[in-house]
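Asks:
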Amino acid sequence: MKKEFDQFKPSGSRLTELSSSKDDISFCYEALKKVSRSFAVVIQQLPEELKNPVCLFYLILRGLDTIEDDMSIDNVVKEKMLLSFAERINQEEFVLDNVGDTQDYRDLMLHFDKIVREYQNLAPKYKEVITSITHEMAVGMNKYAHKIVHSYQDWNDYCYYVAGIVGVGLSKLFVASNLETNPLLESKELSVEMGLFLQKTNIIRDFAEDFEMGRVFWPEESWKDKAKSLYELKNGNQERVSALNEIIINALSHVPNCLKYLKSIENQQIFRFCAIPQLMAIATLSKLYNNSEVFYKNIKIRKGKTAKYFMTVENYEATEKEFISFLRKLEKKDKTLKIHSIIERLIK
Ligand code: CA
């Protein structure tokens with residue numbers, strides 16, 4: 474297991490150096506390791522046919538996100554860059570100089586032509602999916618550039634654009650490959666919830682880190698009746714833990730549909746690709762529940778546990794069992810009975 478992880482350690486060299494020694498597709502996988510090691514590991518679970526489409530899908534969306542996150546770009550310029558992105562990847566081998574708020578991201582954008590060339594080599598059935606999702610995400614990013622996430626409803630909508638549609642895109646890629654045929658995968662609702670569950674988990678976990686950056690993504694509705702400001706919430710006492718538990722329960726409400734999605738997957742490799750992040754997410758949430766450390770540090774799952782989850786997700790039954798065992802443990806700590814009702818929805 475450790476060997477498998479070490480293999481995906483990002484290279485010690487900068488992407489700029491690698492860009493001259495690697496061919497385009499090897500560069501893409503080096504870039505993937507730099508920007509998301511965990512995704513680089515999970516993608517290796519996929520059947521050969523899907524590895525490149527999913528890798529390029531991820532890198533293209535990462536490119537879009539790099540533009541969105543760069544606060545030094547003028548808003549009008551940024552809007553144009555985002556909205557023209559999906560068209561540009563189909564028309565020209567472009568690079569963006571000086572875009573990105575870390576060295577790795579700036580390097581990624583500086584050699585983006587390599588990613589675009591590989592993307593253009595994909596079968597049209599994959600390119601269509603990637604183009605349409607990329608454009609829809611750009612539209613959503615613009616919508617939320619000037620909008621605050623007040624209610625849980627807004628939160629669902631925001632997470633839909635940044636993650637829900639990624640779930641939709643992945644399902645479409647699976648179906649396009651003919652490796653999956655279940656019409657449930659094409660029902661938008663379940664795919665969206667797969668993305669929402671992962672995104673909400675990250676947003677909850679990243680409170681402390683995002684607070685430092687001045688951009689917490691928790692909806693106001695989750696804490697406004699408990700504290701006057703995020704600063705007050707962070708430094709509060711029992712109130713902040715009850716806000717935390719409430720927002721975690723909101724994320725957990727997606728679990729029954731995530732399991733329904735996982736159950737409908739036929740290909741075992743695709744199943745592992747989908748199930749590993751979901752299991753990591755529920756493991757993370759169960760570690761965050763009742764845990765006030767969330768407000769001042771980044772809580773991570775230990776490597777040994779991660780290895781265990783990789784082995785658990787061999788099939789649906791084992792994965793479902795693991796999910797239920799997490800929920801059962803949380804149920805005991807939850808006086809509101811909401812987790813109990815999530816379990817009821819699951820086992821009915
Ligand atoms: Ca972003």
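So that you can map any letter, position 26 of the sequence shown is 499 in my numbering, and since no number is skipped, the others follow by simple counting. Glycine included, each C-beta is placed from N, C-alpha and C at the ideal position.
1) Could you tell me the boundaries of the alpha helix (DSSP H) in which residue 805 lies?
2) I need the DSSP call for residue 502, collapsed to helix, strand or coil.
3) Whole angstroms are fine: how far does the CA of residue 767 sit from the CA of residue 683?
4) Do the segment 701-717 and the segment 610-625 touch if we need at least three Cβ pairs shorter than 8 Å?
5) Just to check, is the beta-carbon of residue 538 closer than 7 Å to a non-hydrogen atom of ligand 1?
6) Give, in chain order, every unbroken run of the alpha helix (DSSP H) that is at least 4 residues long and sits entirely within the segment 512-565.
7) Can you tell me the Cβ-Cβ gap for residue 640 and residue 665, rounded? I've got them flagged as a contact below 8 Å.
8) Taking the C-alpha atoms as reference points, what is the distance between residue 567 and residue 575?
9) What number of angstroms, rounded off, separates the C-alpha of residue 553 from the C-alpha of residue 559?
10) Residue 555 and residue 540 look like a contact to me (Cβ under 8 Å); what is the Cβ gap, rounded to whole Å?
11) Report the residue from 611, 608 and 741 whose alpha carbon sits nearest the alpha carbon of residue 520.
12) Grab me the residues of residue 584's own chain with a C-beta within less than 6 Å of its C-beta, minus the 5 sequence neighbours each way, in chain order.
13) Residue 595 and residue 504: beta carbons closer than 8 Å?
14) On the DSSP letters alone, give me the boundaries of the alpha helix (DSSP H) that residue 586 sits inside.
15) Between residue 793 and residue 647, what straight-line distance do the alpha-carbon atoms span, to the nearest angstrom?
16) If residue 800 sits next to residue 677, beta carbons under 8 Å apart, how far is it from one beta carbon to the other, in whole angstroms?
17) Report the residue from 645, 679, 700 and 629 whose alpha carbon sits nearest the alpha carbon of residue 669.
18) Considering only residues of the segment 675-728, which uninterrupted alpha helix (DSSP H) runs meet the minimum length of 4 residues and lie entirely inside it, listed in chain order?
Replies: Let me lay it out:
1) Counting along the chain, the alpha helix (DSSP H) containing residue 805 begins and ends at 789-806.
2) Note: residue 502 maps to helix in three-state DSSP.
3) Their backbone Cα atoms lie some 11 Å apart in a straight line.
4) Cβ pair count under 8 Å is below three, so no.
5) Under cutoff, so the answer is yes.
6) Positions of the alpha helix (DSSP H) runs, each at least 4 residues long and wholly inside the segment 512-565, are given as 521-542 and 548-564 in order along the chain.
7) Rounded to whole angstroms, the Cβ separation of residue 640 and residue 665 is 6 Å, and the two are in contact under 8 Å.
8) Cα to Cα, residue 567 sits roughly 20 Å from residue 575.
9) Within the model, the alpha-carbon separation for residue 553 versus residue 559 is close to 11 Å.
10) Rounded, the Cβ-Cβ distance is 6 Å, consistent with contact.
11) Nearest neighbour of residue 520 by Cα position, chosen from 611, 608 and 741, turns out to be 741.
12) So the qualifying residues of the chain are 492.
13) Remark: C-beta atoms of residue 595 and residue 504 do not approach each other more closely than 8 Å.
14) Looking at the DSSP string, the run of the alpha helix (DSSP H) that includes residue 586 is 585-593.
15) Cα-Cα distance, rounded: 22 Å.
16) That pair is no contact at about 16 Å.
17) The candidate whose alpha carbon is nearest that of residue 669 is 629.
18) For the segment 675-728, the continuous alpha helix (DSSP H) assignments of 4+ residues that do not extend past its boundaries occur at 680-686, 703-707 and 711-725, in sequence order.
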